[in-house]
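Shown next, in structure tokens, is the structure this report addresses.
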């Protein structure tokens with residue numbers, strides 16, 4: 002690197018560090034001056050985030066070019082012979098230097114001057130002795146030796162770097178040590194306590210993936226886990242605390258989990274390691290930690306904990322913790338910091354003000370980012386968007402369906418759903434089935450042939466709201482069931498043809514489920530002898546299963562496994578067992594083994610055929626509909642897990658998967674490639690048992706996507722154009738059936754509320 006570049010880089014770095022340090026000190030001074038006002042007028046929750054403002058300028062990365070003032074344009078040099086002329090003034094090399102810069106250039110319009118010396122040139126001031134002119138760069142760079150200032154800046158920078166790296170390594174080791182404690186901790190085996198903890202997670206609005214773990218020899222209950230929170234409690238504390246005292250401790254730690262205090266504390270420690278010499282990294286976090294603990298105490302008491310019991314619990318944990326080492330970086334203990342213990346106990350015994358909610362963590366991040374970009378020395382550019390939970394929802398402008406009252410929105414969704422089911426009844430063929438595609442020579446659409454499409458329509462008609470007036474619905478269902486019976490192969494028991502049929506297995510899975518559920522629900526009305534056909538269908542499903550594993554497309558087991566088809570088949574077999582049919586336990590064990598094999602607990606994703614894989618796509622759709630924009634296999638696997646009896650209140654896997662789905666809400670965007678009726682149908686069904694804000698956001702998104710983009714005619718019938726990842730023009734029946742199933746699931750959840 003040239004000397005001038007080194008000087009410029011060091012200068013920029015020094016200017017950035019100086020400005021960031023001054024901005025941080027200014028923010029800290031303002032907060033210290035306003036400290037009495039903050040204690041009286043601001044909630045502890047808000048104050049805990051406000052005290053982190055001085056760290057924001059220090060956390061911004063060094064960006065070269067943002068602190069250096071704009072340089073004037075370099076003068077243009079024209080060298081004629083040994084003479085250098087610039088637009089900046091009449092400076093030319095001295096005779097002693099002319100040999101060093103001798104060059105030849107063509108001067109347009111004056112060929113006689115090529116290689117000549119301008120004897121008539123006016124007298125010019127010589128260059129400084131020892132200087133050279135750089136014609137190519139258009140600048141003059143003095144070859145001066147390094148000064149004392151440059152050497153000192155380099156030495157200080159090197160010392161800063163070495164100490165910062167050492168402190169970062171120590172911080173990382175401490176976080177890893179805490180992570181090991183979390184990994185070695187055991188899940189709580191007390192069923193009653195686990196259920197109570199799950200209720201507290203919902204009540205405190207903590208992340209659904211928060212776990213309750215037992216860690217021996219722990220100084221006090223603590224929250225750990227940078228991305229997946231875990232509340233750690235020692236068995237000794239569990240045995241010693243009364244139920245009310247334990248509940249306060251759990252509520253307090255769940256408040257930390259909701260605020261993401263573990264992650265924030267880790268980031269603060271990183272900033273402290275880098276800026277170890279700056280006063281703000283020691284003073285501001287101390288005040289933030291004190292306000293944070295008071296805020297979590299307030300949240301625990303405000304949510305129902307007894308104040309006196311909370312004070313007793315805190316005193317007991319303080320006394321218990323003096324005899325044991327506490328967790329370090331990567332955790333937030335109940336009794337931290339020590340200097341605040343007396344104040345917290347007195348605050349709990351005699352609260353001076355009611356608990357206030359203050360800012361949410363994500364709003365606090367937005368405030369901090371805005372403050373940082375408004376401080377001196379920050380780039381005068383708009384700040385990037387801050388990731389917030391409400392950013393999961395599509396950002397399309399509000400429509401009538403969004404701003405309408407909930408009752409009116411429900412009626413809009415209901416009318417579209419009724420119209421779609423009415424349209425599906427009208428599309429039934431004379432033989433009682435529904436076609437996968439109206440285009441000639443197209444045997445199936447997406448994962449389903451005519452039998453599979455008929456099954457999806459039957460499931461949609463069966464799930465119609467009880468108060469929906471759909472003419473001919475029951476007759477259409479009976480005719481559809483007879484269509485399935487007529488197409489069941491006698492030799493194999495498959496509900497569709499197994500000859501050269503690439504989608505026979507997935508179509509059979511949906512047909513088997515539809516056959517069982519509709520006949521069982523309407524046995525008195527349809528009067529079909531459905532059990533023999535169902536038994537044969539179960540036998541085919543078991544024969545098509547890979548040994549000890551699950552299913553894929555092949556009718557003859559090939560060893561390949563597919564999360565979607567395995568999930569569909571488990572769903573159908575679970576329905577068969579619920580309705581009194583015999584199913585081999587090995588089928589459930591093998592299918593469950595596949596789901597466990599492809600599940601990634603760190604993300605909540607069920608991979609398509611291996612851990613971490615996104616959803617599959619049709620070859621003709623892969624480019625327009627990226628698989629990583631949806632979580633279709635995860636949605637199907639969740640439905641299968643629920644059908645097999647998993648409890649959303651006790652299953653960490655389901656909570657993690659539901660959280661993942663909530664990050665990829667339904668969004669009707671052909672440009673982005675996010676339209677996926679399969680994903681929406683099974684995702685909406687899977688999200689209903691989860692409850693809470695995740696389900697509410699999902700349902701609002703799926704209703705907005707489907708209600709706004711439904712086509713309709715003058716008779717009120719509705720359908721959806723086949724433009725998603727699984728359907729092409731002509732397969733509107735399958736598209737509409739899946740969209741109707743999604744609306745039905747969302748509608749059913751609203752009625753349950």
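In the numbering used here, the protein residues as written are 2 to 754. Note that CB positions come from ideal geometry on N, CA and C, so glycine has one too. In this text, all values refer to a predicted model and were calculated from it rather than measured experimentally.
CA-to-CA distance, residue j to residue i, given in whole angstroms
| i | j | result |
| --- | --- | --- |
| residue 451 | residue 436 | 5 Å |
| residue 201 | residue 692 | 14 Å |
| residue 240 | residue 246 | 11 Å |
| residue 608 | residue 189 | 28 Å |
| residue 733 | residue 424 | 11 Å |
| residue 466 | residue 443 | 33 Å |
| residue 516 | residue 50 | 57 Å |
| residue 639 | residue 626 | 22 Å |
| residue 709 | residue 439 | 25 Å |
| residue 455 | residue 474 | 14 Å |
| residue 553 | residue 571 | 12 Å |
| residue 510 | residue 264 | 44 Å |
| residue 20 | residue 680 | 50 Å |
| residue 179 | residue 44 | 30 Å |
| residue 199 | residue 228 | 18 Å |
| residue 46 | residue 293 | 6 Å |
| residue 296 | residue 278 | 29 Å |
| residue 14 | residue 606 | 42 Å |
| residue 355 | residue 174 | With a pLDDT of 41 at residue 355, under the threshold of 50, the modelled position of this residue cannot be trusted, and the question is left open. |
| residue 495 | residue 598 | 28 Å |
| residue 739 | residue 413 | 18 Å |
| residue 262 | residue 211 | 13 Å |
| residue 613 | residue 600 | 8 Å |
| residue 58 | residue 24 | 7 Å |
| residue 1 | residue 602 | Since the first residue shown for the chain is 2 and the last is 754, residue 1 is missing from the structure and cannot be characterised. |
| residue 316 | residue 244 | 15 Å |
| residue 671 | residue 651 | 37 Å |
| residue 42 | residue 48 | 10 Å |
| residue 276 | residue 176 | 19 Å |
| residue 463 | residue 549 | 33 Å |
| residue 706 | residue 547 | 38 Å |
| residue 16 | residue 60 | 15 Å |
8 Å Cβ cutoff met for residue i and residue j
| i | j | result |
| --- | --- | --- |
| residue 666 | residue 698 | yes |
| residue 746 | residue 421 | no |
| residue 742 | residue 513 | no |
| residue 569 | residue 507 | yes |
| residue 419 | residue 469 | yes |
| residue 56 | residue 221 | no |
| residue 688 | residue 675 | no |
| residue 577 | residue 584 | yes |
| residue 267 | residue 165 | no |
| residue 225 | residue 183 | yes |
| residue 172 | residue 271 | yes |
| residue 504 | residue 551 | no |
| residue 497 | residue 488 | yes |
| residue 52 | residue 32 | yes |
| residue 573 | residue 542 | yes |
| residue 426 | residue 471 | yes |
Residues bridged to residue i [DSSP beta-bridge criterion]
| i | result |
| --- | --- |
| residue 445 | 450 |
| residue 622 | In DSSP, residue 622 forms no bridge with anything. |
| residue 600 | 607 |
Counting beta carbon pairs with one atom in the segment 612 to 623 and one in the segment 721 to 728, are three or more of them shorter than 8 Å?
As far as the Cβ criterion goes, the segment 721 to 728 touches the segment 612 to 623, which means the pair count is three or higher.
Tell me the start and end of each unbroken alpha helix (DSSP H) in the segment 664 to 721 that is at least 4 residues and wholly inside, in chain order.
Listed in chain order, they are 678 to 688 and 693 to 709.
Between the segment 647 to 663 and the segment 714 to 725, can you find at least three pairs of beta-carbon atoms closer than 8 Å?
As far as the Cβ criterion goes, the segment 714 to 725 does not touch the segment 647 to 663, which means the pair count is below three.
Threshold first: 4 residues or longer. Then list the alpha helix (DSSP H) segments lying entirely within the segment 212 to 279, N to C.
For the segment 212 to 279, the full-length alpha helix (DSSP H) segments reaching 4 residues or more read 236 to 241, 244 to 260 and 262 to 275 along the chain.
Note down, one range per segment and in chain order, each alpha helix (DSSP H) of at least 4 residues found wholly within the segment 606 to 656.
Runs found: 633 to 644.
Validate contact between the segment 542 to 562 and the segment 629 to 639 using beta carbons, cut 8 Å, 3 pairs
The segment 542 to 562 vs the segment 629 to 639: no contact.
Meets three-Cβ-pair contact criterion under 8 Å: the segment 195 to 214 and the segment 158 to 166
No, the segment 195 to 214 does not touch the segment 158 to 166.
Counting pairs of beta carbons, one from the segment 477 to 497 and one from the segment 520 to 528, are three or more of them closer than 8 Å?
Segments in contact, yes.
How do the segment 252 to 271 and the segment 32 to 45 stand: do at least 3 beta-carbon pairs fall below 8 Å, yes or no?
Segment contact: the segment 252 to 271 against the segment 32 to 45, fewer than three CB-CB distances shorter than 8 Å; contact not assigned.
Could you tell me whether the segment 223 to 241 touches the segment 280 to 289, using the rule of 3 or more Cβ pairs below 8 Å?
For the pair of segments examined, the segment 223 to 241 was found not to touch the segment 280 to 289: the number of CB pairs separated by less than 8 Å stays below three.
Is the segment 664 to 680 touching the segment 641 to 649, taking contact as three or more C-beta pairs under 8 Å?
The answer is no - the segment 641 to 649 does not touch the segment 664 to 680, with fewer than three Cβ pairs under 8 Å.
Give, in chain order, every unbroken run of the alpha helix (DSSP H) that is at least 4 residues long and sits entirely within the segment 150 to 205.
As far as the segment 150 to 205 is concerned, its whole alpha helix (DSSP H) runs of at least 4 residues are 192 to 204.
Mind the definition here: the segment 218 to 237 touches the segment 669 to 689 only if three or more C-beta pairs lie below 8 Å; say whether that holds.
Contact fails: fewer than three Cβ-Cβ distances are below 8 Å.
Which parts of the segment 501 to 569 are runs of the alpha helix (DSSP H), unbroken and 4 residues or longer, counting only runs that do not cross its ends?
Here the runs fully enclosed are 505 to 522, 524 to 527 and 532 to 545.
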